[in-house]
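To start, the structure under review is shown below, and the notes come after it.
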Amino acid sequence: MVKRLNTKEVRLFSRQEWPFFVIIVLVAAGIFALQSQAPKGIMAVVEVEGQTTVRRDLAQVEGAESLPIAGADGIALTVEFSREGARVLSSTCPDKTCQRTGLLSRAGESAVCLPGRVVLRLEGKEDRSLEADAVTG
């Protein structure tokens with residue numbers, strides 16, 4: 024003989040709570056969509072051996088734009104610029120750390136190829152890398 028202890032149906036949300044749940048989800052989706060738009064005023068900068076070779080305003084880029092970069096010691100990189108950000112698509116260096124960095128989308132982020140002495144970084148009004156984290160004294 025099997026006894027059922029409690030057969031009451033359990034719901035996560037009542038019918039009156041569903042509209043609030045839907046509104047919260049829509050607001051969260053709207054905030055996410057606004058934050059993921061193309062960065063405005065952000066410049067992608069490529070430096071080879073300390074010298075700036077390329078500057079691109081990411082808001083001005085139409086589609087994806089690839090550019091070959093010749094680094095030091097014969098290292099060759101391919102950098103991609105798009106409205107979403109910039110990244111190193113390919114590199115002939117042995118460790119490929121710059122390539123594994125992925126998409127740079129915020130000011131202050133960078134990808135560095137040490138063997139090729141190439142730096143890809145993003146600059147802009149959102150760059151807070153020079154601001155103090157804390158003030159003491």
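Note that the numbering used here has the sequence shown beginning at 24, numbered continuously upward. Quick reminder that beta carbons are idealized off the backbone N, C-alpha and C, glycines included.
Contact check for R110 and L90: beta-carbon distance about 12 angstroms, past the 8 angstroms limit, so the pair fails to qualify. By the CB criterion at 8 angstroms, L143 and A134 fall inside the cutoff.
A Cβ-Cβ separation of about 6 angstroms places I98 in contact with T115 under the 8 angstroms criterion. Across the structure, I47 and D96 are spaced so that their CA atoms are roughly 54 angstroms apart. Close CB contacts of T76 within its chain, under the 6 angstroms cut and outside five residues either way in sequence, are with V69 (chain order). Burial check for V45: the Cβ neighbour count within 10 Å stays below 16, so the residue is exposed.
Inter-residue distance for L100 and I65 is about 22 angstroms (C-alpha atoms, whole angstroms).
Distance from V141 to V71 at the Cβ level is roughly 5 angstroms; contact confirmed, criterion being Cβ atoms closer than 8 angstroms.
In this structure, DSSP gives P117 a state outside helix and strand, which the three-state scheme calls coil.
Under the criterion of beta carbons closer than 8 angstroms, L81 and A67 qualify as touching, at roughly 6 angstroms. Boundaries for Q83: no beta strand (DSSP E) harbours it, and the DSSP string shows neither H nor E there. A direct Cα-to-Cα measurement between G139 and A51 gives close to 42 angstroms. Remark: C-beta atoms of L145 and E132 approach each other more closely than 8 angstroms.
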